[in-house]
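Novice: Protein chains in written order, with this note's numbering: chain A, -8 to 326; chain B, 3 to 421; chain C, 144 to 512.
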Amino acid sequence: MFAYVVKRLIAGFFVVILVSMSIFALFWYGPQEPARPLCNLETSQRCTPERLEVYTESMGYNNPIHSEYLKFMKGIVAGRDITIAGRTQECPAPCFGFSYATDRPVWGELKDRLPATISVAFGGAALYVILGVPIGIAAARRRGTLTDKALVSTFLVLSSVPYYLFALMLWLYVTIVWQVPGLSDTGYVPLSENPAKWAAGLLLPWLALGIFGSTQYTRFARGSMIEALSEDYIRTARAKGLPTRTVVYRHGLRAAMVPIVTIFGIDLGTLLVGTIFTERIFDIQGIGLWALLAVGDKDLPVVQATALFGAVVMIVCNLLVDLVYSALDPRVRLS
Amino acid sequence: MSDDKTPEVSDPILEAQRPQAETFAEAVAHGHTATRLDTSKRPVLEVDNLRMWFPVKASGLVRRTVGHVQAVDGISFQVPEGGALGLVGESGCGKSTTGRLITRLYKPTGGAINFEGRDIAQLSNRSLKPLRRNVQMIFQDPYTSLNPRHTVGAIVGAPLAVHNIVPKNQIKDRVKELLEVVGLNPEHYNRYPNEFSGGQRQRIGIARALTLNPKVLVADEPVSALDVSIQAQVVNLLQDLQREFNIAFLFIAHDLAVVRHFCPEVAVMYLGKIVEIADRETLYSRPHHPYTQALLSAVPDVKQAAIGGRRERIRLEGDVPSPINPPSGCRFRTRCHLAQEICAKVEPPLLQIGPRHKVACHFPAPLGQAPATPSTAGLLGVDDRGNPQPGAGPAADLGEGPGFNDRWFDVERRSMVGA
Amino acid sequence: MSHIPTPGQSTPQTESRVSTSDPFLVVDDLTVKFPTEEGQITAVSGLSYSVARGQTLGIVGESGSGKSVSSLAVLGLHDPKRSQITGSIKIGDQEIVGASESTMRALRGNKVSMIFQDALAALHPFYKVGGQLAEAYRAHHHSASKRDARRKAIEMLDRVGIPQPDKRVDDYPHQFSGGMRQRAMIAMGLINDPSLLIADEPTTALDVTVQAQILDLLQDLQAEFDSAVIIITHDLGVIAEMADEVLVMYAGRAVEHGTTKQLLTHPEMPYTWGLLSSVPDVTADTDARLIPIPGNPPSLVNPPSGCAFHPRCTHRDKVPGDLCRTEMPALLPATIGQGHLKRCHLADPVAIYQQEVLPEIAPELVEEN
């Protein structure tokens, strides 16, 4: 078990390295001179070839790519001083550089935005399961009945609406049209500052994510539960004279959870990497929107940092899925 | 075969093209007696000391090989042209692995597979391709071995296309011909496997195997997934095809009665080794290996029980040991009621003890007549407890190779005799 | 073990059974229907039989014969919303057709228990073997503590011959060999000392030597617990070794019913002949023919008219007129044997079997008769 985790972490580490290399190379060999975005920004769009050369030289783009890559990686581990166009700034470890847009250390901004993203992601993901799974199970147990058909078609309709439209309508009605007290002021307030405001500000984004995402979980849980309930061991459990509740939940649900856990892990990872629409619509300063804007602004250090963050999150989530999987199913031994 | 599966639905238009039996006399004519042994036929397939060891990897950070599953460990036999050799044994004995080795789905760890005199054991996939058509396989499960997204025509015709045997425009005709041969309606080449019943699917699998006119068919449990009334149809079909096309069969099954009917010669495997091989009459009525005796006594016997008699069973206790770490000496000794000291020390050779009978046991004898001392000791140059005898070595030729010799070891007189 | 049947009072309509002095399970005129989109499937119709304690009934048939469906009905395991059950099933003196779910739950795994074919699929892969046994025990011993249940589970594992039961109790099913899993399944079936045990193809997935072990075990345990046993199989060999009485089913109906000896030595229904002639035997004469039953098992949505077996029957030319196709034969007393019943129009099945069938399938037995 321990060896397995170590092995997976080592493998994950190499994936992260690979991702960092590709991103680094992408900018280096990109369609535009890599120094131009910063040069443009700092010279108010008057980046002459001479100035560009100053930036290119000072940002190291005239050096071989591998030595600059090593400098970048060393910065992450140990920190470094960054000198651009004659201005030197100290960038403590883990150093991902300074955001072109704000001139702040990227790591600092990431740290600031992480709690909001985590709050949105975990709340939304929890609702996926809390709403989706029980409804799916209820539908599975009433398979073929009118209730089942009604549930299935409702969720089918709901999931065919584009998410941004759904979230926008939700926001529009709750905050503008109905002006529901307490919910109208969305946004992120740190949990440590004011728990009530934290919850109130996030409730709407959670609901938007949760309701929409749970449609998928309903369908999934239904299918997986129907499959589990048709297994031979369910018939055995009933033949033992166990109460229906025990049969369905103890014997059926545990088996049905295995595939649900798998997509849940991936979904959670996706949410943590960023919920662009949710953050945009409900005005939350999270990682997703930040990454999107950075791409638009060609804010290379931020793009690099968010991409690496995404890779790490996905690797960890996948590992967690496998660990939960092995805890659920003793046949999957982690060794 | 329990009936909570979807019942097989008979569709009159799907019924066999061959005239179905209407009267009992016709049904009898469709039925065959057991296949006879023809010793004059030369072997088309000869397997010599074949081994397949699958590596077992360690868990942990470094996956090094820590042992081997000795799935098949030095087996030898011959299959005569147009004949049939049965391979029986229980799960994990290596019989299916043997089938896969002969069709070269696996590359053997060692030994030779001589097909018409050419060793195909170590050939590369490329040099194997022209030979593959000669050795084909019929699988156990007609539900999973046919691709549900391909029509019957595509399934049966695929080997023709792959091997460029007939021009593309003639494939359809050949497929129709084959479907008719196996008793299906040739007009159904456009249908999908799920439109057929289990027995009909097995016929499709057989048609596919016949497509390339193979000289050898490896049939791995060809009837065990079918309903009882359908099993006989398929066994009879295989007998028909064998006669019509002179195909040699390696017939792998756990059902001793079906093997007895189909195969004039039978080999019994246990933990990767052949423990006894003989012609049908000898193996079923005078088996000399305690495992063969136990296997046969375990088969429920309709006729015996019907007339009130019940044979005494030899109870085998426990389970088959792990093929990763098989017992020393004789692999069956841990469950054998005859086992003595010698069995743990010396592995019994597969010794020829009759004109067409070989057995791997230190105490070979018909049931209940086992000798008190090992018959093989003198031959192997050891004393009765398995310790090496000074000055004596094992006899040169114990006849362990494929095929049978003219001289063999008489277990009662404990000396070599000739025909 | 074999019992002497008393004469069946057979009126064609009620289709009486081989009755015994003190039957524990009495199934009378049982019909099970499943509505499906392709139409109504009549999986079992007009089935009657009984089993006494200490006695074994074998039910033989192929896919779709209704042999498993009828037994699941005895445990009330068909979903009432998706099935339609009529007739009567009495366990002890309790009528269970139409009984409430809680009544059935109290019976299941307690007075009546069932062991299934594929123990790997029938045991829950995520729970320890011992836990699954203990669960069965506690389902009917509400006051038993977890400790008691575990002790009971170990005791039962030991009883069915699992070595080191106190260790193996904590294994998962996949850590057991095939034979051991089936033993564990049997242990679970017997943990509450049932009066009726239904074994659905208990040895089909097993190797012969393991099958022999399991059959021996079942016989020993039956003697010890004095339970009534129903063994469902397609293997006449298993029937021959285990059953006192045999019921042959085809297309949801009983087509022949009698003591094992009667049925295997003097079968009177061509389907039974077909089963005997299409299965080779390890001791058979090598001149014996393997005579297949032509065609495939019938459709249950659209069963054949008249006798359901007639499209596959090779003896229907011996019945005058079109009777086999137009009229369903009743289950009537057979020519030989008390309580032996058969469903067939043939006038002289004994002569046909002795003179035509037996010489082809078992020439060595002809002289003896």
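Ideal Cβ placement from N, Cα and C applies to all residues, glycine included.
According to DSSP, simplified to helix, strand and coil, what is W410 (chain B)?
Specialist: strand
Novice: Counting only Cβ pairs nearer than 9 Å, list the residues of chain F close to A282 (chain C).
Specialist: Of the protein chains in the structure, A, B and C, none is chain F.
Novice: Between S377 (chain B) and chain C, is there a C-beta pair that is closer than 8 Å?
Specialist: no
Novice: Could you name the residues that DSSP lists as bridge partners for V81 (chain B)?
Specialist: B:L47
Novice: I'd like to know whether the C-beta atoms of S338 (chain C) and R248 (chain C) end up nearer to each other than 8 Å.
Specialist: no
Novice: Considering only residues of the region 6 to 41 of chain A, which uninterrupted beta strand (DSSP E) runs meet the minimum length of 3 residues and lie entirely inside it, listed in chain order?
Specialist: none
Novice: The beta strand (DSSP E) that contains E267 (chain B), what's its start and end?
Specialist: Its beta strand (DSSP E) spans residues E267 to Y272.
Novice: If we count Cβ pairs, one from each stretch, closer than 8 Å, do we get three or more for the region 215 to 235 of chain A versus the region 246 to 265 of chain C?
Specialist: Taking 8 Å as the limit for Cβ pairs, the verdict is that the region 246 to 265 of chain C does touch the region 215 to 235 of chain A.
Novice: So the candidates are B:T67, B:N389, B:R193 and B:Q80; which of them puts its Cα closest to the Cα of F117 (chain B)?
Specialist: B:Q80
Novice: In chain A, which residues lie less than 7 Å from H317 (chain C) when you measure between Cβ atoms?
Specialist: R322
Novice: Grab the span of the beta strand (DSSP E) containing K233 (chain C) for me, first residue to last.
Specialist: It spans Q227 to I234 - the beta strand (DSSP E) in which K233 (chain C) sits, taken as one unbroken run.
Novice: Skipping 5 residues on each side, what residues in its chain have a beta carbon closer than 7 Å to that of L259 (chain A)?
Specialist: For L259 (chain A), where only same-chain residues beyond five positions count, the Cβ hits under 7 Å are A112, A116 and C308.
Novice: What are the residues of the region 193 to 226 of chain A that lie near chain C, defined by any Cβ-Cβ distance shorter than 8 Å?
Specialist: Of all residues in the region 193 to 226 of chain A, the ones placed with a Cβ closer than 8 Å to any Cβ belonging to chain C are E222, D223, Y224 and R226, in chain order.
Novice: Whose C-beta lies closer than 7 Å to the C-beta of V45 (chain A) among residues of the same chain, with five residues either side of it excluded?
Specialist: A76
Novice: Could you check whether the Cβ of R104 (chain A) sits closer than 8 Å to any Cβ belonging to chain C?
Specialist: no
Novice: May I ask which residues mark the beginning and end of the alpha helix (DSSP H) holding V264 (chain A)?
Specialist: R245 to V264
Novice: Whose CA, out of A:T206, A:I251 and A:Y179, lies closest to the CA of L193 (chain A)?
Specialist: Distances from the alpha-carbon of L193 (chain A) to those of A:T206, A:I251 and A:Y179 put A:Y179 closest.
Novice: Give the straight-line distance between the Cα atoms of G70 (chain A) and V294 (chain A), rounded to the nearest whole angstrom.
Specialist: 19 Å
Novice: If we cut at 8 Å on Cβ distances, does L314 (chain A) have a partner in chain C?
Specialist: With 8 Å as the cut-off, L314 (chain A) does not count as an interface residue toward chain C.
Novice: For the alpha helix (DSSP H) that P308 (chain C) lies in, which residues bound it at each end?
Specialist: P308 to R311
Novice: Would you give the residue range spanned by the alpha helix (DSSP H) that N127 (chain B) belongs to?
Specialist: N127 to R134
Novice: Give the range of the beta strand (DSSP E) segment to which G201 (chain C) is assigned.
Specialist: For G201 (chain C), the uninterrupted beta strand (DSSP E) segment begins and ends at T199 to V203.
Novice: For C82 (chain A), which residues does DSSP report across the bridge?
Specialist: A:R71
Novice: P390 (chain B) bridges to which residues according to DSSP?
Specialist: Among the bridge pairs identified by DSSP, P390 (chain B) is matched with B:V384.
Novice: Of the choices C:I329, C:L390 and C:S286, whose alpha-carbon is the least far from that of S213 (chain C)?
Specialist: C:L390
Novice: Give the list of continuous alpha helix (DSSP H) stretches no shorter than 4 residues that lie fully inside the region 385 to 431 of chain C.
Specialist: 403 to 408 and 413 to 420
Novice: Is L220 (chain C) close to chain A, meaning its C-beta is less than 8 Å from at least one C-beta of that chain?
Specialist: yes
Novice: Taking a contact to mean a Cβ-Cβ separation below 8 Å, would you say T284 (chain B) touches G356 (chain B) in this structure?
Specialist: Their beta carbons are under 8 Å apart, which means T284 (chain B) touches G356 (chain B) by this criterion.
Novice: Ignoring anything shorter than 4 residues or poking outside the region 426 to 503 of chain C, list the alpha helix (DSSP H) runs there in chain order.
Specialist: 466 to 469 and 492 to 495
Novice: Output the residue ranges of the beta strand (DSSP E) runs that lie fully inside the region 233 to 297 of chain C and measure 3 residues or longer, sorted by chain position.
Specialist: 255 to 258
Novice: Alpha carbons only, please: which of A:G66, A:Y91 and A:V97 is nearest the one belonging to A84 (chain A)?
Specialist: A:G66
Novice: So, does the CB of A246 (chain A) fall closer than 8 Å to a CB anywhere in chain C?
Specialist: Under the Cβ criterion of 8 Å, A246 (chain A) is counted among the residues facing chain C.
Novice: With a threshold of 7 Å on Cβ separation, who are the neighbours of K7 (chain B) within its own chain once the five nearest residues in sequence on each side are excluded?
Specialist: Only weak support exists for where K7 (chain B) lies, its pLDDT of 38 falling under 50; the coordinates are left without a value.
Novice: Taking a cut of 8 Å between CB atoms, which residues from the region 401 to 435 of chain C lie near chain B?
Specialist: T403, K404, L407, T408, G417, L418, L419, S420, S421, V422, P423, D424, V425, T426, A427, T429, D430, A431, R432, L433, I434 and P435
Novice: At the level of alpha carbons, what is the spacing between V137 (chain B) and R120 (chain B)?
Specialist: 13 Å
Novice: So what's A86 (chain B) in DSSP terms, helix, strand or just coil?
Specialist: strand
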